[in-house]
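Following: one structure in structure tokens, then a few remarks.
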Amino acid sequence: MLLTNFSEYVIIRKKLGGFYMYCKYCGKQIDDNTIVCPYCGVQTGAVQIIPPQPNYGYQQNNQQYTQNDPDEINVGIVVLSVFIPIVGIILGAVNMGNGRKKSGKAYLTAGCVVVGIEVLIGILLWVFAMISIAIL
Numbered sequence: 228m229l230l231t232n233f234s235e236y237v238i239i240r241k242k243l244g245g246f247y248m249y250c251k252y253c254g255k256q257i258d259d260n261t262i263v264c265p266y267c268g269v270q271t272g273a274v275q276i277i278p279p280q281p282n283y284g285y286q287q288n289n290q291q292y293t294q295n296d297p298d299e300i301n302v303g304i305v306v307l308s309v310f311i312p313i314v315g316i317i318l319g320a321v322n323m324g325n326g327r328k329k330s331g332k333a334y335l336t337a338g339c340v341v342v343g344i345e346v347l348i349g350i351l352l353w354v355f356a357m358i359s360i361a362i363l
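With the working numbering as the guide, the letters of the sequence shown map in order to residues 228 to 363.
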């Protein structure tokens with residue numbers, strides 16, 4: 228009997244549903260659960276099932292860490308940009324440079340809008356001051 232391209236042992240099915248296992252090297256019949264041939268010492272390729280060991284107190288956490296979107300807009304920084312616009316402009320420029328375009332644009336926009344409003348208020352106050360001086 229010539230059998231090739233199989234594992235190191237050939238399993239031949241018996242007519243009654245059981246299995247005979249023969250060593251591919253020495254040809255002797257062995258038990259189908261044998262890991263190493265008792266006659267020639269060659270590994271059979273049979274799988275040895277090792278039951279799982281009990282876990283004594285340590286439980287592995289398989290929960291994946293989810294990181295927030297690095298380009299997420301931080302509302303606190305936007306509010307800070309309204310009260311201190313230079314912070315918004317600086318953080319906007321830094322975030323735009325780091326590739327966080329969405330948040331950088333939001334901070335930069337908030338800072339620039341507030342600076343624009345402050346300049347406009349300053350001009351209006353100056354105009355009203357000049358008018359009030361001219362009236363007096």
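Backbone N, C-alpha and C define an ideal beta-carbon position, used for all residues, glycine too.
Under three-state DSSP, which class holds residue i?
{"i": "C339", "result": "helix"}
{"i": "I257", "result": "strand"}
{"i": "V237", "result": "Residue placement at V237 cannot be trusted, given a pLDDT of 45 that sits under 50; what the coordinates show is reported in the next sentence. Strand, per DSSP."}
{"i": "V321", "result": "helix"}
{"i": "Y334", "result": "helix"}
{"i": "V269", "result": "coil"}
If you measure between the beta carbons of residue i and residue j, is that distance less than 8 Å?
{"i": "V305", "j": "A337", "result": "yes"}
{"i": "N322", "j": "Y334", "result": "yes"}
{"i": "V314", "j": "V341", "result": "no"}
{"i": "G343", "j": "G331", "result": "no"}
{"i": "C339", "j": "I316", "result": "yes"}
Could you name the residues of the same chain whose beta carbon sits closer than 7 Å to that of residue i, not counting the 5 residues immediately before and after it, in chain order?
{"i": "C253", "result": "C264, Y266, C267"}
{"i": "L351", "result": "none"}
{"i": "I300", "result": "K329, S330, A333"}
Spatial neighbours of residue i within its chain, please: CB distance less than 8 Å, with the 5 preceding and 5 following residues excluded, ordered by chain position.
{"i": "K255", "result": "Y249, C264, Y266, C267"}
{"i": "L307", "result": "V314, G315"}
{"i": "A356", "result": "none"}
Near residue i, what residues of its chain come up, given a Cβ to Cβ distance below 6 Å and the 5 sequence neighbours on each side ignored?
{"i": "P312", "result": "G338, V341, V342"}
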